[in-house]
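These notes are about the structure you will find just below.
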Amino acid sequence: MPLSINVGLSRKASKDYQSTGVSINVTAELDQALLARPDQLQKQIGDLYAQAHHALDGQMDRLAESGNGARPQSVPKSQSNGNGRASSPMTASQRRAILAIAKRGDINLDAECRDFIGEEFDSLSLRQASELIDRLKSAQPAANGHR
0 MPLSINVGLS RKASKDYQST GVSINVTAEL DQALLARPDQ LQKQIGDLYA QAHHALDGQM
60 DRLAESGNGA RPQSVPKSQS NGNGRASSPM TASQRRAILA IAKRGDINLD AECRDFIGEE
120 FDSLSLRQAS ELIDRLKSAQ PAANGHR
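Sequence positions in the sequence shown follow numbering that gives the first Met the number 0 and run 0 to 146.
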């Protein structure tokens with residue numbers, strides 16, 4: 000019997016007493032054997048959260064660009080992700096996932112971060128880390144027919 004994992008996130012932006020929110024629930028069926036390997040299970044759950052965060056970021060951006068959503072207030076450039084919005088640092092799960100993928104693929108993480116994102120690994124935002132995870136995963140060869 001597969002193990003069913005449900006990850007749910009929501010985000011709301013408000014401006015001038017107007018608010019817009021988006022939410023996402025991602026359900027995945029994982030191998031029940033992961034229960035005996037808690038580190039790998041947590042990695043899989045962390046990957047699901049990273050994907051959900053990535054999807055929420057994209058949806059909030061699309062809503063803001065279309066004028067249907069409130070934009071988060073601007074923050075100083077030194078505290079922003081380059082587009083006037085505050086950026087959250089990568090999560091511990093994202094950090095572990097990136098390090099594990101880089102180690103498995105024998106990837107020079109510092110060079111990859113500078114080339115792909117233009118930032119040092121330790122200063123990645125949540126969104127940048129999510130994009131890097133996607134990139135690293137897509138560069139990995141399939142193992143036993145699975146990614």
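Positions of the beta carbon are idealized from the N, C-alpha and C atoms, including for glycine.
Notebook entry, point to check: Which partner residues does T26 have in the DSSP bridge list?
Noted result: N5
Notebook entry, point to check: Excluding five sequence neighbours on each side, which residues of the same chain lie with their C-beta closer than 7 Å to the C-beta of M59?
Noted result: Cβ within range, chain order: R10, A12, V21 and G68.
Notebook entry, point to check: Rounded to whole angstroms, how far is the Cβ of L29 from the Cβ of Q43, which I believe are closer than 8 Å?
Noted result: 6 Å
Margin query: Rounded to whole angstroms, what is the Cα-Cα separation between G104 and I4?
Written below: 27 Å
Item checked: Nearest-angstrom Cα separation, counted from E130 out to A49 -> 9 Å
Margin query: Less than 6 Å between C-beta atoms, sequence neighbours within five positions excluded: which residues of the same chain meet that for A32?
Written below: none
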